[in-house]
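Participant: Can you keep this structure in mind? I'll have questions shortly.
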Amino acid sequence: ADIEGGEIGELRVAGAGSKQFDNVSIGGSAMYLTSGGWIPVNDAQRGAADTPLALQARSASIHGGVEVAPGTQVTARFGYYKERRNVGVGAGTSTADGTTGSITAAHAIRAGELGWRVQAWFRKTDMSNLTYSVGPNRASSSPAGNQYAVPALGWGGNAALRGRFDWLDWEVGGDLRLNQGQSQEQSRYLSGAFQNGRLAGGRTLVGGLYAEGAARFDDWLLTAGVRFDEWRNYHGHIIQDVLSTGAITEDEKTPDASGSIPTARAGVRRDLGQGLFVRSAA
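In structure tokens form, the structure reads like this:
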């Protein structure tokens with residue numbers, strides 16, 4: 005295809021499938037994409053600094069589940085992705101990759117039984133950005149910044165217990181999320197090399213407990229929920245140095261911070277018939 009004066013050569017391959025074996029299911033998917041890209045600058049303004057927005061991406065995942073007892077299911081999923089893009093100026097590129105995974109055990113509400121769910125998960129990612137600046141008349145380009153790695157990791161879990169009465173559905177539960185990451189960069193390109201380095205990052209934690217319910221009376225629906233969260237930001241830092249000597253020019257530690265946040269919500273809805281409702285919430 006000819007798009008804005010540029011040539012695109014693109015290939016995309018994808019597939020997915022699943023299979024059931026008695027009380028066990030398994031499935032997966034995969035994708036591969038490559039594109040030569042196009043130059044996003046009009047012909048009249050284009051210069052030697054402009055390059056095609058090429059792309060290469062791939063991903064894959066696998067998932068499975070097993071019914072370990074009547075009404076109780078355990079499922080798991082693992083996924084991977086990776087992509088590389090040309091940013092359209094000089095040799096500038098950006099990349100991203102990561103893996104994700106989770107495992108969940110759940111039991112559905114049944115007559116005389118409570119329902120419940122327990123889950124643990126993680127997500128590990130990384131990325132990079134090599135940027136270029138443009139010279140006069142877009143005739144040249146030179147490196148401007150090199151964010152060569154941004155490793156990050158998040159993990160956590162959640163759990164819930166559910167029940168049902170004749171007039172009320174209720175759920176109580178909690179969740180916890182932890183994250184950590186660090187940007188690793190180089191800057192100030194002079195005489196054919198980057199002069200300065202920088203590390204910046206930190207960690208966060210959020211955990212909470214909640215309870216909620218929904219009740220129906222004739223044409224009325226009443227809902228209410230409360231939640232209490234604790235949060236914390238810690239190990240924040242910025243460290244800068246001179247790459248040629250290793251001399252530290254800045255070493256700043258961000259003060260740790262934490263707090264508690266209660267939240268609540270209540271709502272009411274009235275069915276007026278013929279598909280009409282009136283509702284309010286606070």
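Quick note: the sequence shown uses the working numbering, first residue 5, plus one each step.
Idealized CB from N, CA, C, for every residue including glycine.
1) Quick one: what's N200 bridged to in DSSP?
2) Hey, quick one: how far does the beta strand (DSSP E) through T79 stretch, first residue to last?
3) Considering only their Cβ atoms, is the gap separating R166 from E175 smaller than 8 angstroms?
4) For T55, count neighbouring Cβ atoms within 10 angstroms of its own Cβ and tell me buried if that reaches 16, exposed if not.
5) Rounding to the nearest angstrom, what Cα-Cα distance links R236 and L57 in this structure?
6) Tell me, to the nearest whole angstrom, how far the beta carbon of W125 is from that of G105; I am working on the premise that it is less than 8 angstroms.
7) What residues match up with Y136 in a beta bridge as DSSP calls it?
8) Tell me whether E254 is buried or exposed, calling it buried when 16 or more other Cβ atoms sit within 10 Å of its Cβ.
9) Do H67 and G31 count as a contact pair if the criterion is CB distance below 8 angstroms?
10) Around the Cβ of N46, are there at least 16 other Cβ atoms within 10 angstroms (buried) or fewer (exposed)?
11) Could you check what DSSP says for A48 in three-state terms: helix, strand or coil?
12) Nearest-angstrom Cα distance between D86 and P74?
13) Taking buried to mean at least 16 other C-beta atoms within 10 Å of its own C-beta, is A52 buried or exposed?
14) Which residues does DSSP list as the beta-bridge partners of L209?
15) Taking DSSP's pairing of strands, which residues face T227 in a bridge?
16) Closest by CA to G160, which one among L118, Q123, V230, G119?
17) Can you say whether A268 is buried or exposed, counting buried as having 16 or more other CB atoms within 10 angstroms of its CB?
18) If we call anything under 8 angstroms between Cβ atoms a contact, is Q188 one with A164?
19) Return helix, strand or coil for N141, following the three-state DSSP convention.
20) Quick check: what's the CA-CA separation for D179 versus T208?
21) Can you pull the DSSP bridge partners for P266?
22) Grab the span of the beta strand (DSSP E) containing R168 for me, first residue to last.
23) Which of the three DSSP states, helix, strand or coil, is assigned to D130?
24) Let me know if H3 comes out buried or exposed under the rule of 16 or more other beta-carbons within 10 Å of its beta-carbon.
25) Can you tell me the Cα-Cα spacing of I29 and V72, whole angstroms?
26) Grab the span of the beta strand (DSSP E) containing A115 for me, first residue to last.
27) Using DSSP's beta-bridge definition, name the partner residues of L37.
28) Under the three-state reduction of DSSP, which class applies to G102: helix, strand or coil?
Facilitator: Reading it off the structure:
1) As a working mapping, residue 200 is identified with position 196 in the sequence shown. According to DSSP, N200 bridges with S191, V246.
2) As a first step, residue 79 is located in the sequence shown; it is residue number 75 there, counting from the start. Run containing T79: 76-90, per the beta strand (DSSP E) assignment.
3) In the sequence shown, the residue the question calls residue 175 occupies position 171. In the sequence shown, the residue the question calls residue 166 occupies position 162. Yes, the Cβ-Cβ distance between E175 and R166 is below 8 angstroms.
4) By one-based count along the sequence shown, residue 55 stands at place 51. With 16 or more other Cβ atoms from the protein chains shown falling within 10 Å of its own Cβ, T55 counts as buried.
5) Start at 1 with the first residue of the sequence shown, and residue 236 comes out as number 232. Start at 1 with the first residue of the sequence shown, and residue 57 comes out as number 53. Their Cα atoms are separated by approximately 40 angstroms.
6) Reading the sequence shown from its first residue, position 121 is the one you call residue 125. Reading the sequence shown from its first residue, position 101 is the one you call residue 105. With a Cβ gap of about 7 angstroms, W125 and G105 count as contacting.
7) Counting from 1 along the sequence shown, the entry for residue 136 is found at position 132. The partner list for Y136 (beta bridge, DSSP) reads P147.
8) Against the sequence shown, residue 254 aligns to sequence position 250. So E254 counts as exposed.
9) Residue mapping note: residue 31 aligns to position 27 of the sequence shown, counting from 1. Residue mapping note: residue 67 aligns to position 63 of the sequence shown, counting from 1. Their beta carbons are under 8 angstroms apart, which means G31 touches H67 by this criterion.
10) On the sequence shown, position 42 is the one that residue 46 refers to. Exposed is the call here.
11) Within the sequence shown, numbered from 1, the residue matching residue 48 stands at position 44. Three-state result, A48: helix.
12) Indexing the sequence shown from 1 puts residue 86 at position 82. Indexing the sequence shown from 1 puts residue 74 at position 70. With the sequence shown as reference, residue 86 is identified as Lys, and Asp is not the correct amino acid for it. Their backbone Cα atoms lie some 39 angstroms apart in a straight line.
13) Taking the first residue of the sequence shown as 1, we reach residue 52 at position 48. Counting Cβ neighbours within 10 Å, A52 comes out exposed, since fewer than 16 surround it.
14) Taking the first residue of the sequence shown as 1, we reach residue 209 at position 205. DSSP, once it has assigned bridges, lists L182, R236 as partnering L209.
15) Here residue 227 is taken as the residue at index 223 of the sequence shown, counted from 1. BP columns for T227 point to A218, G271.
16) Your numbering for residue 160 matches position 156 in the sequence shown. That would be Q123, whose Cα lies nearest to the Cα of G160.
17) The sequence position of residue 268 within the sequence shown is 264, counting from 1. So A268 ends up on the exposed side.
18) Numbered from its first residue, the sequence shown carries residue 188 at position 184. Numbered from its first residue, the sequence shown carries residue 164 at position 160. No, the Cβ-Cβ distance between Q188 and A164 is not below 8 angstroms.
19) The sequence position of residue 141 within the sequence shown is 137, counting from 1. If DSSP states are grouped into helix, strand and coil, N141 belongs with the helices.
20) Within the sequence shown, the letter at position 175 stands for residue 179. Within the sequence shown, the letter at position 204 stands for residue 208. Near 14 angstroms, if we compare the C-alpha coordinates of T208 and D179.
21) Taking the first residue of the sequence shown as 1, we reach residue 266 at position 262. Note: P266 sits in a beta bridge opposite F232.
22) By one-based count along the sequence shown, residue 168 stands at place 164. Residues 156-168.
23) Taking the sequence shown and counting its residues from 1, the one referred to as residue 130 is at position 126. DSSP places D130 in strand when its eight states are reduced to three.
24) Nothing about residue 3 can be read from this structure; the chain reaches only from 5 to 286.
25) Taking the sequence shown and counting its residues from 1, the one referred to as residue 29 is at position 25. Taking the sequence shown and counting its residues from 1, the one referred to as residue 72 is at position 68. Per the sequence shown, the amino acid found at residue 29 is Ser instead of Ile. Distance between the alpha carbons of S29 and V72: 12 angstroms.
26) On the sequence shown, position 111 is the one that residue 115 refers to. That residue, A115, is in no beta strand (DSSP E); it is neither H nor E in DSSP.
27) Counting from 1 along the sequence shown, the entry for residue 37 is found at position 33. Looking at the DSSP assignment, L37 forms a beta bridge with R16, A61.
28) Along the sequence shown, one-based indexing puts residue 102 at 98. Correct three-state label for G102: strand.
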